[in-house]
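J.: Residue numbers (the numbering used here), protein chains in the order written: chain A, 4 to 971; chain B, 108 to 231.
Built from N, CA and C at the ideal position, the CB exists for glycine as well.
Please read all numbers here as calculations on a predicted model, not as lab measurements.
(1) For residue 616 of chain A, name the three-state secondary structure that DSSP assigns.
(2) Residues in its own chain within less than 7 Å of residue 375 of chain A by CB, not counting five upstream and five downstream?
(3) Residue 559 of chain A: which of A:313, A:594, A:623, A:850 sits nearest, CA to CA?
(4) Quick one: which residues of the segment 491-512 of chain A get their C-beta closer than 9 Å to a C-beta of chain B? List them in chain order.
(5) Any beta-carbon of chain A closer than 8 Å to the one on residue 118 of chain B?
(6) Quick check on residue 269 of chain B - is its C-beta less than 8 Å from some C-beta in chain A?
(7) Are the CB atoms of residue 289 of chain A and residue 432 of chain A within a distance shorter than 8 Å?
(8) Leaving out five residues before and five after residue 677 of chain A in sequence, what residues of the same chain have Cβ atoms less than 6 Å from its Cβ?
(9) So what does residue 563 of chain A bridge to, in DSSP terms?
(10) Expressed to the nearest angstrom, what Euclidean distance is found between the alpha-carbon atoms of residue 783 of chain A and residue 579 of chain A?
(11) Which residue comes first and which comes last in the alpha helix (DSSP H) that contains residue 222 of chain A?
(12) What runs of the alpha helix (DSSP H), each 4 residues or longer, lie entirely inside the segment 724-760 of chain A?
(13) I need the DSSP call for residue 568 of chain A, collapsed to helix, strand or coil.
(14) Sort A:568, A:675, A:873, A:318 by Cα distance to residue 543 of chain A and report the nearest one.
(15) Within a Cβ cutoff of 8 Å, which residues of the same chain sit near residue 96 of chain A, ignoring the five residues on either side of it in sequence?
(16) Quick check on this structure: which residue in B:117, B:122, B:132, B:118 has the alpha carbon closest to the alpha carbon of residue 111 of chain B?
(17) Out of A:156, A:53, A:111, A:121, which one is the CA nearest neighbour of residue 209 of chain A?
(18) Return the CA-CA distance between residue 214 of chain B and residue 158 of chain B, expressed in angstroms with no decimal places.
(19) Report yes or no: do the segment 163-174 of chain B and the segment 183-192 of chain B share at least 3 C-beta pairs separated by less than 8 Å?
(20) Quick one, are the C-beta atoms of residue 585 of chain A and residue 672 of chain A less than 8 Å apart?
(21) Going by C-alpha to C-alpha distance, which of B:179, B:202, B:221 sits closest to residue 171 of chain B?
(22) State the Cα-Cα distance for the pair residue 908 of chain A and residue 875 of chain A, rounded to the nearest angstrom.
(23) Three Cβ pairs or more, each shorter than 8 Å: is that satisfied between the segment 176-195 of chain A and the segment 108-122 of chain A?
(24) Could you give the DSSP three-state label for residue 170 of chain A: helix, strand or coil?
(25) Relative to the alpha-carbon of residue 70 of chain A, which residue among A:199, A:109, A:132, A:895 has its alpha-carbon at the smallest distance?
(26) Classify residue 115 of chain B: buried if its beta carbon has 16 or more other beta carbons within 10 angstroms, exposed otherwise.
(27) Count the CB pairs spanning the segment 483-494 of chain A and the segment 459-471 of chain A that are closer than 8 Å, and state whether there are at least three.
(28) State the Cα-Cα distance for the pair residue 68 of chain A and residue 78 of chain A, rounded to the nearest angstrom.
(29) Would you report the Cα separation of residue 767 of chain A and residue 760 of chain A, rounded to the nearest angstrom?
(30) What do you get for residue 723 of chain A, buried or exposed, if any count of 16 or more other CB atoms within 10 angstroms of its CB means buried?
(31) So residue 546 of chain A packs on residue 452 of chain A, CB below 8 Å; how close in whole Å?
(32) Rounded to the nearest angstrom, what separates residue 934 of chain A and residue 895 of chain A at their Cα positions?
Put into structure tokens, the structure is as follows:
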């Protein structure tokens, strides 16, 4: 590491700017100056230890010195005193004052002696060494001891000369036990002080030296410690910034060395983690790209996804994917990421040919081509432009398909440098994906073109059919009508010989017309263009009508026609025209192939497999069918055998067509026969075709419902693998008036979707057997189902994926029910047409019901208010037709109850009553009710009108108009 | 001139029989191939008009038999058919037909073919 260290005060380290790996600008960091660094701490520690220690030692030493010196002085003084005392005895006795004085003077010369004083036994000062005289302080202080032992005192007195206080150790020794006198020696403490001071300062100096050494040592030591730590810190910082390239050098075997080692291990582990993370990111990016490539056919979107990921994963700044136009021999920019608008424009306008720029070069060489430093590249316009945009390095990877160049992928960076191998490999992969995407897009275009061709071919065919039918019918019409005219003339003019030929012509012409119609029908059924028009109609009248129509044939063949059905056979919902057609066909056949026999028509309703069915059986006692004939029966143009067509007439197509229609309605025509004895043909259709009923059978793992048809378009298919969710969803959707079919799991969901072609599908994503994404893809991939809106419902939030795969709506669980309903209503469009009729009068209810049914409504009835509330709870009607006078609970009470519930409050109510309303009644009803109608003569028309007014668009036709139905 | 018309469709019989009679021919009708073969040998017509789609025995087979039998092989046969597919003509000729005509028939055309085969056919 090359950072400069500068030692600041108290050992702070300051690093100058770090050189190192090329990283982005934000990486220049200053190491935080430790506020209270290690050195400071050490020094503080040393101070904390050494200073008291030093102080104590110093004090002790000095004190000890002082004390020992004092003792010494004291004993010296005592010795002197004693010596003087003993040697002075004689002198004192002899009263030799001058000798005493001399003696005393001798002692004063000894170092440390401040004074000597001799007293006699009368306390008179005999001799002293003061000059000139004894200082007053002493005199004051001299205390006469009466004791025999020596006496040591510390006294002080002001120096007569200097005035400064002199500190003395005064030793008094009695002479001859005090009898003779006392000797006092004063030892000058100043010497002690001086000595101790000297010693003290010497010590201090010594300590100072030690301290300095200690500090220096500390500095050195700290530096030895902090240096690797600081290094660690800087590396750690780098790691924090994401730079894992450096490890800490392990220099010592101590704890710091351990720290460094552990740190390095951590960095290494981090590296592998980062690598894994990077790998995972890469994989994920690749996965997303792969997904994009396979899920959307919009080339621009896919390429954009690819280039975005490529740029990001290679940590570059921008990128472009080019497609190579072989005709023009130029590269065209198709997708850009991170590119400025000027660049986009520039690229759009520039015409890069093979061999030009890195793009062209990589294509020519069929290998990645990079320019690590733009500034060193050849001077050309593109290069200059790129430089002006801040681009310093570029790498281009060709998109190859079997050695043909179909494009290039370019990544650009704003920093110079070679692109690492890992990036090159990565770009290679992305290049592959790009090739796939472009291929797919091309294929798709082709498929689309083909599809359009087919579509237009099919349209031409339909057009042709339509034209042909017109063309064929026109001359036929002329033949028939003119011949009829001739026939009339012949009758008028009684030209009997002309009857026969004209009749023959007419018969042949009509037969031809029937054939043309049948062929057209079959062609349309084959092409899937036959529509079923579902309506409610009464069964009994239809049967009677057919019987009447075949009557001439019955009479001609001498057959007896017997009809049998229960009185309450009632209504059914189906294509009335086709049912009639089928029944007519069967009845005609029955009559045709029977002579002097019986044709019986039996109709009934039955509940099977949870649904209600209507069966109409036509039984004859005619020629019957052999098993072989039965096998061929429903084939087109085959009557039981070729000659029967000629003998018995008919086009031979009728049965096939009739059966197709019944199948389209969810039913079938079946046959039982015994050759020579007769046959029974049975039409079996659901009584309510076109609406899949929510029925208990859905719960047992789901048996597929019998196929309904295009007008099953009102059902919602709920796909989920959680039964509870299915139940709940079904319940609340049903309550909102939607017919619901549930499918448990993806497989069943797809199957039912194909069978039912529902109006909308709600699809859970997390399913065990087949996940929602697959189901969604399957639905959108199947041309039959692709137009069904799909609402994804899932815990996972992957909206973009959902939308890119074609979901109409994406809802995250828990689903906001209100929103789901809203979406479904939007999809299923129209006004709901579900009415609740509340009236205790049977006839009234029936009348209204029929009127509404004919108009295509769904109707629920209730006899009184209580039952009406029950019905309300089961399913929400779009409008309520309410009588007022009813037992149990009348209309008024019902309204109160109903309006009390928030969810029912805004259902429009139409009151239809015989009651003469009083003003009070009216005011009671006023706010709750849309309109009040009086029961009277034409109330049904008016009723429908009113309903149409209240719910605009809900009434299709007025009562009395028969539905025309669609035939073409 | 006697013509044997082998045909099973009633309307066709009605139409052609009437018109041929009006044109002066004597017409006999057989309603299936077997009957046709029988009547050909029994009645010895001057010409046979043979519809090809017949019950019991179809027109080709009937023609073959007629052409195989010594008694009848000299009688010219014109095949009549509603099928207008390629190869039918060849098929008919291969069965021994002398000529071939398609339905719907046009009388002048048919008469032309008849006279071509029986040039001196007298009409009554």
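T.: On the basis of the coordinates in this document:
(1) Looking at residue 616 of chain A - three-state DSSP - the assignment turns out to be strand.
(2) Within the same chain, and ignoring the five residues on either side of residue 375 of chain A in sequence, the residues whose Cβ sits closer than 7 Å to its Cβ are 396, 419, 420, 421.
(3) Checked all of A:313, A:594, A:623, A:850; the closest Cα to residue 559 of chain A is A:594.
(4) Under the 9 Å Cβ criterion, the segment 491-512 of chain A contributes 503, 504, 507, 508, 510, 511.
(5) Judged by the 8 Å Cβ criterion, residue 118 of chain B is in contact with chain A.
(6) Outside the displayed range of chain B (108 to 231) lies residue 269 of chain B, so it cannot be described from this structure.
(7) A contact, by the Cβ cut-off of 8 Å.
(8) Contacts found: 627.
(9) Residue 563 of chain A pairs with A:601.
(10) In a straight line, the C-alpha of residue 783 of chain A is about 34 Å away from that of residue 579 of chain A.
(11) First-last of the alpha helix (DSSP H) with residue 222 of chain A: 192-243.
(12) Listed in chain order, they are 726-738, 749-759.
(13) Looking at residue 568 of chain A - three-state DSSP - the assignment turns out to be coil, as it is neither helix nor strand.
(14) Considering only alpha carbons, the answer is A:568.
(15) Cβ within range, chain order: 183.
(16) It is B:132.
(17) Of the candidates A:156, A:53, A:111, A:121, the one whose C-alpha sits nearest the C-alpha of residue 209 of chain A is A:53.
(18) If I take the Cα positions, the gap works out to 15 Å.
(19) Of all C-beta pairs linking the segment 163-174 of chain B to the segment 183-192 of chain B, three or more are shorter than 8 Å, placing the two stretches in contact.
(20) Less than 8 Å divides the Cβ of residue 585 of chain A from the Cβ of residue 672 of chain A.
(21) Nearest C-alpha to residue 171 of chain B: B:202.
(22) Their backbone Cα atoms lie some 12 Å apart in a straight line.
(23) At 8 Å Cβ cutoff, the stretches touch.
(24) DSSP places residue 170 of chain A in strand when its eight states are reduced to three.
(25) The option with the nearest alpha carbon to residue 70 of chain A is A:199.
(26) It counts as buried.
(27) Segments in contact, no.
(28) In this structure, the alpha-carbon of residue 68 of chain A lies about 15 Å from that of residue 78 of chain A.
(29) Looking at the two C-alpha atoms, the distance is approximately 18 Å.
(30) Around the C-beta of residue 723 of chain A, 16 or more other C-beta atoms lie within 10 Å, and the residue is accordingly described as buried.
(31) Between residue 546 of chain A and residue 452 of chain A, the beta carbon gap of about 52 Å keeps them out of contact (Cβ cut-off 8 Å).
(32) Spanning the alpha carbons of residue 934 of chain A and residue 895 of chain A requires a straight line of approximately 14 Å.
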